[in-house]
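A.B. asks: The opening residue of the sequence shown carries number 7 in my numbering; numbering runs sequentially from there.
Below is one structure. I have some questions about it.
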Amino acid sequence: MIAAQVFEPIAHESVVQAVVDKIETMIVEGVLKGGARLPSEREMAEAFRVSRPKLREALQILESRDLVTVRHGDGTYIAELTGRAMSPAMLALYARHGEAFHDFLEYRREQEAFATRLAAQRATAADRERLAAIRAELEAAWQADDREAEQEADFRLHSAIVDASHNTTLIHMMASVFDLTRRDIFYNRDLLRSIDGTGRALLDQHLEIIDAIEAGDPERSERAARDHLDFVEKSIHRGRELQRRERRARMRLNSVD
Ligand SMILES: [Zn+2]
């Protein structure tokens, strides 16, 4: 007979630990993002099928690890974990010095190309559904000539692609890069779209990126992402040049009378 000792006791994983692990995994995977508000205790306890005291205990552990913050009378939030890529002073310095702009876009272009390639290989049905919804938003914004909606959909597309890459490091790194873009640190997104024909070209590029991911073609996807960021950089340079000329012409006009 086999000795009973060969059977090791099954470690009884506590319910609390299981909840902690689950939430931590969702943070690592970028499903729960910094600043996101968690559902109410009651809803979460129901979803996890655990008691509220156990859930509360799990949230306390996460809070002691600085992964969530509990705002009393408000709710529980995922902490801002990645922080800013650069300090405010560095950002201000960057914004004043045009050379940094090229570096920023060069970096972003390679990250986007990498993310888009991975997305073509790894996008799940849910990712595809999200991309299809964004395609509809991009087209609707274009039809309605709504620049703000265009920018929002643009931002959502790039975030969705990074999420579809399923590379957790990329997801967290890109969050701070997008933050810089979103706050118009390096360029004014209105300027970008103010140049004739740029809006249409951007739409076509975004649609090509989505098509390439949907076709599951990594090379085509990577190329589409790189072409898009190259176009953005060229357009910004053009936009700035136009602004400079405009300013000079106006100064001349004012000095004539
Ligand atoms: Zn874009």
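Every residue, glycine too, gets a C-beta built ideally from N, C-alpha and C.
Could you pull out every residue in the same chain whose Cβ sits closer than 6 Å to the Cβ of H172, ignoring the five residues on either side in sequence?
C.D. replies: Around H172: R128.
A.B. asks: Which residues have their C-beta within less than 6 Å of a heavy atom of ligand 1, listed in chain order?
C.D. replies: Qualifying residues come out as D160, H164, H212 and H234.
A.B. asks: Between S46, I8 and E35, which lies nearest to L176 when the distance is taken from Cα to Cα?
C.D. replies: Checked all of S46, I8 and E35; the closest Cα to L176 is E35.
A.B. asks: Considering just the uninterrupted stretch of the alpha helix (DSSP H) at T204, what are its terminal residues?
C.D. replies: Start and end: T204 to E220.
A.B. asks: My output table needs one value for V34: the three-state DSSP class, helix, strand or coil.
C.D. replies: Here V34 sits in helix by DSSP.
A.B. asks: H164: buried (16+ other C-beta within 10 angstroms of its C-beta) or exposed?
C.D. replies: It counts as buried.
A.B. asks: Report the rounded CA-to-CA distance for R117 versus M180, giving the unit in angstroms.
C.D. replies: The sequence given here has Gln at residue 117, not Arg. Distance between the alpha carbons of Q117 and M180 is about 8 Å.
A.B. asks: Tell me whether G81 sits in a helix, a strand or coil according to DSSP, three-state version.
C.D. replies: Reduced to three states, the DSSP call for G81 is strand.
A.B. asks: Is the CB-CB distance between A159 and E143 below 8 Å?
C.D. replies: Going by C-beta atoms, A159 is nearer than 8 Å to E143.
A.B. asks: Quick check on V238: does DSSP put it in helix, strand or coil?
C.D. replies: Helix, per DSSP.
A.B. asks: Looking at C-alpha atoms only, which residue of F54, D109, L99 and I29 is the closest neighbour of A85?
C.D. replies: Of F54, D109, L99 and I29, the residue nearest in Cα terms is I29.
A.B. asks: Is it buried or exposed, I8, if we count other Cβ atoms within 10 angstroms and call 16 or more buried?
C.D. replies: So I8 counts as exposed.
A.B. asks: Take P224 and list the residues in its own chain whose beta-carbon comes closer than 7 Å to its own, dropping the five residues that flank it on each side.
C.D. replies: Cβ within range, chain order: R123, A126 and Q127.
A.B. asks: What distance in whole Å lies between the Cβ atoms of E220 and L137, which are believed to be in contact at a cut-off of 8 Å?
C.D. replies: So it is a contact: roughly 7 Å between Cβ atoms.
A.B. asks: So what's R71 in DSSP terms, helix, strand or just coil?
C.D. replies: Here R71 sits in coil by DSSP.
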